[in-house]
Structures are given as structure tokens and as C-alpha cells.
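Okay, so here's the structure we're looking at.
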Amino acid sequence: MSSPGSTGALVFVVDDDAGVREAVSSLLRSVGLDALALPSAQAFVEHERRDDAGCLVLDVRMPGLSGLDLQHELSRSAAPPPIVFITGHGDIPMAVRAMKLGAVEFLPKPFREHELLDAVASAIRQDEQRRSRRATVLAIGARFDTLTEREREVLDPIVAGKLNKQVGASLGVSEQTVKVHRHNIMRKMAASSLPDLVRMIELLRADAGP
Numbered sequence: 453m454s455s456p457g458s459t460g461a462l463v464f465v466v467d468d469d470a471g472v473r474e475a476v477s478s479l480l481r482s483v484g485l486d487a488l489a490l491p492s493a494q495a496f497v498e499h500e501r502r503d504d505a506g507c508l509v510l511d512v513r514m515p516g517l518s519g520l521d522l523q524h525e526l527s528r529s530a531a532p533p534p535i536v537f538i539t540g541h542g543d544i545p546m547a548v549r550a551m552k553l554g555a556v557e558f559l560p561k562p563f564r565e566h567e568l569l570d571a572v573a574s575a576i577r578q579d580e581q582r583r584s585r586r587a588t589v590l591a592i593g594a595r596f597d598t599l600t601e602r603e604r605e606v607l608d609p610i611v612a613g614k615l616n617k618q619v620g621a622s623l624g625v626s627e628q629t630v631k632v633h634r635h636n637i638m639r640k641m642a643a644s645s646l647p648d649l650v651r652m653i654e655l656l657r658a659d660a661g662p
């Protein structure tokens with residue numbers, strides 16, 4: 453079984469059944485996780501610390517906003533937290549819908565403790581990877597912002613694999629001028645090699661979306 457404890461992640465437990473909320477929260481705390489129990493999806497939406505979520509353990513059917521409704525709402529945000537669904541009323545179409553929107557797991561009640569802990573551990577790893585990637589993209593973006601307009605003009609053909617001579621001809625500048633700009637780009641972007649620079653720009657473009 454995976455061990456999710458000692459990660460510093462905050463796990464929200466959202467269920468309208470007080471007994472389930474307490475049982476799940478106690479289980480998560482027993483392995484060293486910080487668990488915060490809420491009685492409804494709306495309570496999570498209104499909670500001021502919702503962006504701290506490492507993951508959600510979320511009931512499917514609740515009065516008012518359902519778990520699936522909340523998942524759909526969160527899926528439109530820039531950084532939706534991973535979700536582990538728990539339900540006493542699940543069916544296959546419901547599970548398929550949840551998994552298509554990125555749910556980590558869909559567990560019918562009653563579930564085994566190790567199943568829930570393994571699912572939460574997987575969700576937390578996903579969130580850590582997302583946060584790490586986001587921090588990397590922000591750092592690259594900050595370095596990209598230091599480039600001059602001319603350096604950005606030189607950057608595109610460079611990452612496309614053009615030679616300095618070809619870049620110079622397309623921009624109407626000398627090959628030596630391109631070399632100077634290229635050196636400045638590599639220094640400002642803290643790129644150790646051309647493949648490293650290409651990887652950075654691909655990350656920025658992927659983050660920007662279509």
C-alpha cells in the first residue's frame with residue numbers, strides 16, 4: 453500500500469453524511485495527512501482555503517450541488533484538484549463520466565481502507581506533479597519576459613532548428629548579430645543547450661493552450 457502521509461497536502465473530505473466525513477477524516481489523519489471535512493459541495497466552493505486542496509475525497513450524491521456537478525465546475529478552472537469519488541449510489545455511466553473528467557478513483561461504499569488510502573496517495577502525487585510543473589512554467593515565463601523584442605524574433609526560428617545564417621537572412625541581420633542574440637537568449641533563459649531551450653518553450657506554449 454502506498455503511504456500518503458507527511459506530504460503537507462490538505463485533503464478535503466466532502467460528504468453530507470457526518471459519520472462518513474468523520475470516519476474518512478480520522479483515517480486520513482491516522483496516516484499523517486491534514487484532513488478538512490465539509491458537509492456539502494457548496495461549502496467547498498465557498499471555502500477560503502479551497503486552493504490549498506491537495507485532493508478531494510468527494511461524495512457523488514449530495515443535496516444541492518452534487519459531487520459530479522462540483523467536478524464539472526472545477527474542471528473549468530486553471531488548476532483543478534484531483535478527485536477521489538466515494539458513493540453509495542454509483543453506477544457504471546456515473547463512474548465513466550467521472551473518470552472522463554479526470555477522477556483518480558471511483559470507490560463504492562463500503563470501501564476498504566487501503567483502497568481509499570492508495571487512491572488518495574495517487575491523487576496527492578498528481579497534485580504535487582501539477583504544482584511542480586506550474587512552478588517550473590512560471591519560472592520559465594519570468595525569464596522569457598526578460599527577452600527583448602528582437603531576441604524573441606530570433607528565438608522562434610532558433611527553436612525551430614534554423615541555422616544562424618538562415619535566421620539572419622530571414623530577419624535582415626548579420627549572422628554575427630544572430631550569434632549575439634542567441635548567446636543572450638541562452639543566458640537569460642538559463643538554458644544549458646538548444647534541446648533544453650526547446651523544452652522550455654514547448655512547456656510555455658503547452659501552458660498557454662491553443
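In the working numbering, the protein residues as written are 453 to 662.
The C-beta atom is built at its ideal place from N, Cα and C for all residues, glycine as well.
Treat the numbers as computed from the prediction; the structure is a model and nothing was measured.
Provide the residue span of the alpha helix (DSSP H) that contains E567, from first to last.
Stepping through the sequence shown from its first residue, residue 567 is reached at position 115. That run of the alpha helix (DSSP H) goes E565 to F596.
What do you reckon, are the CB atoms on C507 and P534 nearer than 8 Å?
On the sequence shown, position 55 is the one that residue 507 refers to. On the sequence shown, position 82 is the one that residue 534 refers to. Yes, the pair counts as a contact, with Cβ atoms nearer than the cut-off.
Look at the Cβ atom of L483, then the Cβ atom of V476, and state whether they are nearer than 8 Å.
As a working note, residue 483 is residue 31 in the sequence shown. As a working note, residue 476 is residue 24 in the sequence shown. For clarity, residue 483 is Val in the given sequence; the question names Leu instead. No. Outside cutoff.
Euclidean distance between Cα positions of D486 and M652
Position 34 of the sequence shown holds residue 486. Position 200 of the sequence shown holds residue 652. Within the model, the alpha-carbon separation for D486 versus M652 is close to 34 Å.
Starting from the Cα of F537, find the closest Cα among L559, V572, R528 and R639 and give me that residue.
Mapped onto the sequence shown, residue 537 falls at position 85. Of the listed residues, the one whose Cα sits closest to F537 is L559.
Through-space distance from D543 to D597, alpha-carbon basis
Translated into the one-based positions of the sequence shown, residue 597 becomes position 145. Translated into the one-based positions of the sequence shown, residue 543 becomes position 91. Roughly 49 Å separates the two Cα atoms.
Simplified DSSP state of T629, which is helix, strand or coil
Locating residue 629 in the sequence shown gives position 177, where the first residue counts as 1. Correct three-state label for T629: helix.
With DSSP as the reference, identify every bridge partner of T539, one or two as the case may be.
Within the sequence shown, residue 539 is the residue found at index 87, counting from 1. Paired residue(s): P560.
Can you give me the C-alpha to C-alpha distance between Q628 and I610, rounded to a whole angstrom?
Your numbering for residue 628 matches position 176 in the sequence shown. Your numbering for residue 610 matches position 158 in the sequence shown. Taking the straight line joining both Cα atoms gives about 14 Å.
Which one or two residues does DSSP pair with D486 in a beta bridge?
Working through the sequence shown from its first residue, we reach residue 486 at position 34. Looking at the DSSP assignment, D486 forms a beta bridge with L462.
I think R502 touches A489, with their Cβ atoms under 8 Å apart; what is that distance to the nearest whole Å?
Indexing the sequence shown from 1 puts residue 502 at position 50. Indexing the sequence shown from 1 puts residue 489 at position 37. Taking C-beta atoms under 8 Å as the contact rule, R502 and A489 fail to qualify, at a distance of about 14 Å.
Work out the CA separation of L607 and L517 for me, nearest whole Å.
Taking the sequence shown and counting its residues from 1, one reaches residue 517 at position 65. Taking the sequence shown and counting its residues from 1, one reaches residue 607 at position 155. For L517 and L607, the distance between alpha carbons rounds to 48 Å.
Where do the ends of the beta strand (DSSP E) carrying G519 lie?
By 1-based counting over the sequence shown, the position of residue 519 is 67. Annotation for G519: no beta strand (DSSP E) segment contains it, though the alpha helix (DSSP H) segment containing it runs G519 to S527.
N-terminal and C-terminal residue of the beta strand (DSSP E) that L508 is part of
Along the sequence shown, read from residue 1 onward, the residue named residue 508 stands at position 56. Start and end: A505 to D511.
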